[in-house]
Amino acid sequence: MTNVAPADSHTVTPGMGQTAEPRRLETVPRRQRGYQSVTRDYQIAPRLTLDRHKLIQILSNLLSNARHALQDQIQGQRVLTVRIRAMMPGSFAIDVEDSGTGIETAILERLFEFGFTTKKDGHGFGLHASANLAKELGGELSGQSDGPGRGARFSLRVPLSAATEQLARRRA
């Protein structure tokens, strides 16, 4: 017979809305091997209620990909920029931009495909899963690059009403 202890008061049921401040979820260390510069540009700092774990998963994946792109960059400065900005009324974007290796135009079309990867040891799950999580939050994830050696920018767009929309989808 197994005894099951009651849940601790600090635990949170996954999928439930938690208060999140995106500027506090960004976890780029000030000094990390491979970066010459980390820039934080928070034009807005919304406080919203959504599934914080999904947001953390997306940001962790984008920051990890940026770190790899910067480490692989041979020439030029290695700059990582994390930006939070207002979009059309009622939404905001979190951008993760790097000056790393960049992405070929032909590859941009396949970035979010399940199993697609350009990394030697990659599996092709990260961006696909992140795009799906963004949709679950009522938003979308996009990526762009001006080509090899020109860096990349990934933008997560989320409505400020993400929690309300998420609850409505769950009840449907």
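All letters in the sequence shown, in the order written, are residues 1448 to 1619 by the working numbering. We put the CB at the ideal spot given by N, CA and C, even for glycine.
When DSSP states are grouped into helix, strand and coil, L1497 belongs to the strand group.
Looking at the DSSP output, R1532 bridges to A1540.
Sixteen is the threshold: since fewer than 16 other Cβ atoms of the shown chains lie within 10 Å of the Cβ of P1595, the residue is exposed. Apart from sequence neighbours up to five positions away, the residues of its chain that approach L1607 with a beta-carbon distance below 7 Å are P1493, L1495, G1537, S1538, F1539, ordered along the chain. From the listed residues E1556, H1515, R1604, the smallest Cα separation to D1568 is found for H1515. The C-beta distance from Q1483 to R1525 rounds to 5 Å, short enough to meet the 8 Å contact threshold. Per DSSP, L1584 is not a residue of any beta strand (DSSP E), being assigned neither H nor E. For L1555, the uninterrupted alpha helix (DSSP H) segment begins and ends at 1552-1555. Between the alpha carbons of R1597 and L1527 lies a gap of roughly 13 Å. Distance from the Cα of Q1522 is smallest, within the candidate group G1549, L1510, H1500, I1505, for G1549.
Close CB contacts of Q1520 within its chain, under the 6 Å cut and outside five residues either way in sequence, are with G1547, T1548 (chain order). F1601 and L1588 do touch by the CB rule: their CB atoms are close to 7 Å apart, below 8 Å. The three-state reading of DSSP puts L1527 in strand, counting E and B together. When the five nearest sequence neighbours on each side are left out, the beta carbons in the same chain lying within less than 7 Å of the beta carbon of A1533 are those of Q1490, I1491, F1539, in order along the chain.
Pairing K1501 with L1603 gives a Cβ-Cβ distance that is not under 8 Å. Ranking S1507, G1586, T1564, E1544 by CA distance to the CA of A1553 puts T1564 first.
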